[in-house]
Amino acid sequence: MNTTSQATLMPFTREQADEQYNPTLWTRRLPSDELLPAHVQFTTGHSDAYRQEIGDGLSCLSFGEGELAGEMDLYHPASLPENAPVVVYVHGGWWQWFSKEAFGYIAKPFNEQGYSVVLPGYRMAPDWKSEAPMESLVAQVQHAVAAILVRAHESGAPAVHLLGHSAGGHLVTLLHRTDWSELGVSEEAQGKLKSVTSLAGLFDLRPLVDTYVNDEIGMSMEAAERVSPLLMSVPGDERCPLHLVLPEHDTPEFFRQTKEYQEKLLRAGQECHLHVSRDRDHLDMIERLSDGEDELLGYLLESMARAEVVATSREWIASFNSGDVAACARGYAEGARMHAKPVGSFEGREAIESFWRQFTSETGATDLRYADVQLTASSPTEVLLSASWSMNVGRGIITKELWVRQDDGAWRLEEDHFEVQEQF
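Each step along the sequence shown adds one to the number in our numbering, with nothing skipped, and position 417 is 1095.
The following block contains the structure:
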């Protein structure tokens, strides 16, 4: 990965840096010395309970070879189809603590929403025998996600979403920047990656070199630079949406780094969203994901839904422009309704396919484009889309596309309302 040296490095003493990068000192709900033990008790207890509850729905998969080999836990209840969309959760712990088993509880709310969940394990940074432990750790996680993308392609899963917390938030940001072709992942498999979300992640590791975090890792300043997303040049190609999420009660340095990283990506034309989760700290932001009504869980599910619909809509447009009417028709639910003003109304996939077939045959319509797209997720399984459209034979507006995730995990149109405002 190419790096650039321009990024803010705050002049802290060791004591100041330890304070700025110790989120337990900034909580408002417990004394700081009680926060981490309470977190371990919560995560371990809830994870053990869900691992028992899911039973045979939990399996262990292998990935990688040699020193990069590892294992990942797959949470896939029997009620889910084999090709269910996938959430990948990368745990935190300053690259030296915790394990995938300790965060199994996070799979439950996503399983309940129809997602298969994978938790990759990775060797802790102090345990690597190489001279570059952080780079080796990153490479191992990259191989894990490469295997997940290939598996998603082979199973026909429509989407893969990456989610990581704290040190895991740093890792998924590097995964967002990864050139998957270098790991032998096909373009089709790469296309499965629909969104990446960093929960309280870090993007410049240089300030950690002289802190308690690095005492056991022994990371050099040069190594910190090599694994800092904020110092890397931004790829020129368009990547999937990146969401940067912060708890309200995190440290000023976490806020500074997050804002700087978002600004860098936005300047480069990449889609990057910043979300602050109110009245939460660094640790309970993930503890409260176990509540099915949680605000942050809702944000995550809705952002994933929007990303999936955007990708599905682009595939529909590509099918239209290539003249594949049958593929366009498969984008509608069986009982879909379409209202094309001023042409008329059509009900059912067969009638809609007949309309599009006749329309494209008679007009030679192609070069369909959407602009000013607006997306609203009314629920994790329903997304409304509106936009203006144009093609070689006319232009108009889309007043309502209702995309609904079906039982098989695929998104299809249940309502399609558009208007022709001008014919060429």
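Ideal Cβ placement from N, Cα and C applies to all residues, glycine included.
Grouping DSSP H, G and I as helix and E and B as strand, with all else coil, what is residue i?
i: phenylalanine 1024; result: strand
i: isoleucine 784; result: helix
i: arginine 855; result: coil
i: alanine 715; result: Residue identity differs from the one stated: residue 715 is proline in this sequence, not alanine. Of the three classes helix, strand and coil, the one that applies to proline 715 here is helix, per DSSP.
i: glutamate 971; result: coil
i: histidine 960; result: coil
i: threonine 682; result: Because the pLDDT at threonine 682 is just 49, under 50, the model does not fix this residue reliably, and the value given afterwards should be weighed accordingly. DSSP places threonine 682 in coil when its eight states are reduced to three.
i: asparagine 1070; result: coil
i: phenylalanine 881; result: coil
i: glutamate 1092; result: strand
i: tryptophan 806; result: coil
i: arginine 692; result: helix
i: arginine 1015; result: strand
i: methionine 812; result: helix
i: leucine 944; result: helix
i: phenylalanine 933; result: helix
i: leucine 708; result: coil
i: valine 887; result: coil
i: isoleucine 1075; result: strand
i: methionine 897; result: coil
i: glutamate 866; result: helix
Hey, out of the options, whose CA is closest to residue i's CA?
i: valine 1003; options: Thr1038, Tyr939, Val891 and Arg992; result: Thr1038
i: aspartate 734; options: Pro755, Ala716 and Gly742; result: Pro755
i: isoleucine 995; options: Ala1049, His1017, Leu974 and Lys1019; result: Ala1049
i: glutamate 1097; options: Trp1081, Arg1083 and Ser1068; result: Ser1068
i: serine 628; options: Glu1031, Ser710 and Thr721; result: The requested residue 628 does not occur in the structure, where the chain is confined to residues 679 to 1102.
i: tryptophan 1081; options: Leu922, Gln1052 and Gly799; result: Gln1052
i: valine 819; options: Arg966, Leu852 and Ala901; result: Leu852
i: tryptophan 1089; options: Ser1023, Ile1075, Ile1030 and Thr990; result: Thr990
i: valine 838; options: Arg1047, Gln719, Ser844 and Glu866; result: Glu866
i: alanine 825; options: Val874, Val766 and Phe788; result: Val766
i: proline 1106; options: Asp1094, Thr686, Val874 and Gln1099; result: In this structure the chain extends from 679 to 1102, so residue 1106 is not present and cannot be described.
Count the other CB atoms within 10 Å of the CB of residue i; is the residue buried (16 or more) or exposed (fewer)?
i: valine 954; result: exposed
i: aspartate 1016; result: The sequence given here places methionine at residue 1016; aspartate does not occur at that position. Methionine 1016 comes out buried.
i: glycine 782; result: buried
i: glutamine 719; result: exposed
i: aspartate 1086; result: exposed
i: valine 795; result: buried
i: methionine 982; result: buried
i: asparagine 1070; result: exposed
i: tyrosine 890; result: exposed
i: leucine 975; result: buried
i: serine 1000; result: exposed
i: arginine 984; result: buried
i: glycine 862; result: exposed
i: leucine 978; result: buried
Chain B beta carbons: is any one of them nearer than 8 Å to that of residue i?
i: histidine 843; result: Given the protein chain composition of this structure (a single chain), no chain B is represented.
### Message
Taking contact to mean 3 or more Cβ pairs, one atom from each stretch, closer than 8 Å, check whether the segment 810-830 and the segment 745-765 are in contact.
### Response
The segment 810-830 makes contact with the segment 745-765; the number of CB pairs closer than 8 Å reaches 3 or more.
### Runs of beta strand (DSSP E) wholly within the segment 818-851 (minimum 3 residues, chain order)
Scanning the segment 818-851 from its first residue to its last, the whole beta strand (DSSP E) runs of 3-plus residues come out as 838-843.
### Query
Unbroken alpha helix (DSSP H) runs of length 4 or more, entirely within the segment 723-800: which are they?
Segments of the alpha helix (DSSP H) lying fully in the segment 723-800: 785-790.
### Task
Indicate whether the contact test is met: 3 or more Cβ pairs, each with one atom in the segment 892-904 and one in the segment 854-863, closer than 8 Å.
The segment 892-904, when compared against the segment 854-863, does not touch it at the 8 Å Cβ threshold.
### Task
Specify whether the segment 947-964 and the segment 922-930 touch according to this definition: at least 3 beta carbon pairs, one from each stretch, less than 8 Å apart.
Yes, the segment 947-964 touches the segment 922-930.
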